[in-house]
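Q: I'd like to ask some things about the structure below.
Laid out in structure tokens, this is it:
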């Protein structure tokens, strides 16, 4: 991955985190990595554990960022979430999978953030 794309991704994750925290999501872990894959953010809202994929783009030229979370990526996120739950020995707790789509226009434009809650179930395809 190019350095430019890495910087864009980090900026998108920071924008997503700030957006979610302002809306009451307590971020527990950023960039959880394991053998099964990676989860960008893991947060908590009241009684629900939230696994969050952040997709960042500089424009909508190729469509909204959240459409890049295809079924293969969803399955990888679910496997990583299962790994996290087992590794941390998390007791029975409601979980959900969200996607935060961030568009960061070039220059000093304000980011556009779209939060898709319950974006996909653990066993199926996305709801969009």
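In my numbering, the protein residues as written are 269 to 396. Positions of the beta carbon are idealized from the N, C-alpha and C atoms, including for glycine. Keep in mind that this is a model prediction, so the values were computed, not measured.
1. For the alpha helix (DSSP H) holding residue 293, just list the boundary residues, first then last.
2. On the criterion of 16 or more Cβ atoms from any shown chain inside 10 Å, does residue 303 qualify as buried, or is it exposed?
3. Exposed or buried, which one is residue 338 when buried takes at least 16 other CB atoms within 10 Å?
4. Leaving out five residues on either side along the sequence, give the residues of the same chain with a beta carbon under 6 angstroms from the beta carbon of residue 382.
5. Give the secondary structure of residue 342 by DSSP, where H, G and I count as helix, E and B as strand, and everything else as coil.
A: According to the data block:
1. Neither: residue 293 is in no alpha helix (DSSP H) and is coded neither H nor E.
2. Counting of Cβ neighbours within 10 angstroms places residue 303 among the exposed residues, the total staying below 16.
3. With fewer than 16 Cβ atoms within 10 Å of its Cβ, residue 338 is classed as exposed.
4. Excluding positions up to five away in sequence, the list reads 369.
5. Here residue 342 sits in helix by DSSP.
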